Each structure stands twice: as C-alpha cells, then as structure tokens.
C-alpha cells in the first residue's frame, strides 16, 4: 500500500539547535517528494520538493532535505532553528503524471527558548 | 497578491443545517482541491477539479458536494452536516502539469458541527 510515515508526532528542540524531521514512504512509482509547513492559523506552504537529480535539495527558510532511495526516506533538516520555525511539517509523495498526493500525518515542531 | 481565499474561517453549526464553504483563487489555476485535516491523519482529499465543470472524488467524499462553474471558484457544500464532519478544511489550487506544480493553500476553515 502507498503510504507516508512521519514517525514523530512532536519534536522539541532548543532555539539554535539543529533539526531533523523524518519521512519514510512506500510508493509504487517514481516518487515526487514534498515538504510543506503549516504555521499556526495558516495554510500550508511549500518548503521544498524533489523530482530528480541531486538528492540534496534546498528549500526556503534555510531548510534542506535529502532523498535516499535505498531507505525510502526524505528527511528534512535545518542546521539552526529559530523560534519562528515552530509549526507543523508535512511530508507528501506523488507521481509526476497525476495530481494526487499522499500525505504524512505531520510532525509538530516545538522550539524551546 | 496571489492567494486562495476561503470563507468562513470559523463556523459553528448544528447537525443537518446545510452550509457552504467558499473558495476562490486569483492565479488562474486549472486544478483546485479540498482537503480536511484531522489530528494524526494528516490531509485527506475530499474532492478535486481539473477544470470548469470537471470534478472528481478524492479519498473521503461522503457527505460533501462541490461545483466548479467558474475557474476561480470551487465551493464545498455540506448538505446535511454531521458531527463527524467537524474538522479543519483547506482549499488548494495549482497549475496543470501533474505533481510538478506547487499547491497553494487557503488559510483554512475550522468547522464545528454540534
């Protein structure tokens, strides 16, 4: 079955510390992978996406993600988090040729001062 | 400013009272979609539309209707709301071209059905 798993429901990190949010997927076709962020009271915004090529992709707000085909993972990283990064993060996977996305359940990031 | 606008942002209603959540986008996008977001379940697609007068069911269409009479508007209709439709709803749009395009989301509509 096709699925996206974000193993961590909540993650708490100190401001200035590094961050890694995990995403694992199961998908039958070549995956197109996305990370979206939902700030409190807001809609979702695209952070970054991977289609092909370099497996390390850069996104907005200083985020990056690495695609590892052998591990079926697309983990999101940031070297130093800021209080404004407190939000919920969603990983999603789809195929090029369709419009459907399979979404993970989300990881809520809490920043400690 | 490019945006997807949903109304109302918050609504409390009672079981069985028909309601409509409006969605409008100003980016001339062909594709529009409705999602519901529930804790621990992520986003689940309700309906989507690939162009005017073309709509299709997503993963959880039961209890909902949609229409696409104009390119910019994609209202979500709950003919007889029930408490299990209490949720946070998002409208989104994108250009055609499969999943290569970014989805643009509205700010969400929080619906409570008593």
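Residue numbers (the working numbering), protein chains in the order written: chain F, 1 to 113; chain E, 1001 to 1114.
Glycine residues also receive a C-beta, built at the ideal position from the N, C-alpha and C atoms.
As the structure is a computational prediction, the values presented were derived from the model and not from experiment.
Would you identify the three-state DSSP class for residue i, choosing helix, strand or coil?
i	result
residue 1046 of chain E	strand
residue 80 of chain F	coil
residue 1033 of chain E	strand
residue 108 of chain F	strand
residue 1069 of chain E	coil
residue 68 of chain F	strand
residue 1038 of chain E	strand
residue 42 of chain F	coil
residue 126 of chain F	Not covered by the structure: residue 126 of chain F. The range shown for chain F is 1 to 113.
residue 8 of chain F	coil
residue 85 of chain F	helix
residue 58 of chain F	strand
residue 1007 of chain E	strand
residue 1084 of chain E	helix
residue 1064 of chain E	coil
residue 1051 of chain E	strand
residue 24 of chain F	strand
residue 1017 of chain E	coil
Could you check how far apart the C-beta atoms of residue i and residue j are, in whole angstroms? I think they sit under 8 Å.
i	j	result
residue 1109 of chain E	residue 1031 of chain E	At roughly 19 Å, the Cβ-Cβ gap does not stay under 8 Å, so residue 1109 of chain E and residue 1031 of chain E are not in contact.
residue 32 of chain F	residue 95 of chain F	7 Å
residue 78 of chain F	residue 63 of chain F	5 Å
residue 1081 of chain E	residue 1113 of chain E	4 Å
residue 1090 of chain E	residue 1106 of chain E	6 Å
residue 1020 of chain E	residue 1075 of chain E	5 Å
residue 1003 of chain E	residue 1026 of chain E	6 Å
residue 47 of chain F	residue 35 of chain F	4 Å
Starting from the beta carbon of residue i, find every residue of chain E whose beta carbon is closer than 7 Å, and list them in chain order.
i	result
residue 109 of chain F	In chain order: nothing, as chain E lies at least about 15 Å away.
residue 87 of chain F	What residue 87 of chain F touches in chain E: nothing, since even the nearest Cβ is about 13 Å away.
residue 103 of chain F	1042, 1043
Between the alpha carbons of residue i and residue j, how many angstroms are there, rounded?
i	j	result
residue 119 of chain F	residue 106 of chain F	For residue 119 of chain F there is no data in the structure shown, the boundaries of chain F being 1 and 113.
residue 58 of chain F	residue 97 of chain F	23 Å
residue 1045 of chain E	residue 92 of chain F	13 Å
residue 110 of chain F	residue 1040 of chain E	17 Å
residue 104 of chain F	residue 1087 of chain E	17 Å
residue 1001 of chain E	residue 1055 of chain E	27 Å
residue 1077 of chain E	residue 17 of chain F	45 Å
residue 102 of chain F	residue 15 of chain F	31 Å
residue 1062 of chain E	residue 11 of chain F	34 Å
residue 1057 of chain E	residue 113 of chain F	44 Å
residue 1065 of chain E	residue 1047 of chain E	8 Å
residue 40 of chain F	residue 1011 of chain E	18 Å
Name the chain F residues that come within less than 7 Å of residue i, Cβ to Cβ?
i	result
residue 1048 of chain E	99
residue 1111 of chain E	Those do not exist, as residue 1111 of chain E stays about 15 Å from chain F at its closest Cβ, beyond 7 Å.
residue 1011 of chain E	Simply none; closest approach about 15 Å.
With a threshold of 9 Å between beta carbons, is residue i in contact with chain C?
i	result
residue 1004 of chain E	The structure shown contains no chain C; its protein chains are F and E.
Run through chain F and tell me which residues come within less than 9 Å of residue i, C-beta to C-beta.
i	result
residue 1001 of chain E	What residue 1001 of chain E touches in chain F: nothing, since even the nearest Cβ is about 14 Å away.
Taking C-beta pairs closer than 9 Å, name the residues in chain E that residue i reaches, listed in chain order.
i	result
residue 63 of chain F	Ordered by position in chain E, no residue passes the 9 Å Cβ test against residue 63 of chain F, which lies about 15 Å from the chain.
Using a Cβ cut-off of 8 Å, pull out every chain E residue sitting near residue i, in sequence order please.
i	result
residue 90 of chain F	1042, 1043
Short of 8 Å Cβ to Cβ, which residues in the segment 1079 to 1090 of chain E face chain F? 1090
Along the segment 1014 to 1040 of chain E, what residues have a CB closer than 7 Å to any CB found in chain F? 1031, 1040
Going along the chain, which residues of the segment 34 to 60 of chain F sit with their C-beta nearer than 9 Å to a C-beta in chain E? 34, 36, 38, 41, 42, 43, 44, 45, 46, 49, 51
Between the segment 1047 to 1078 of chain E and chain F, which residues of the former have a C-beta closer than 9 Å to a C-beta of the latter? 1048, 1050, 1058, 1059
Interface residues of the segment 8 to 31 of chain F facing chain E [CB-CB below 8 Å]: 9
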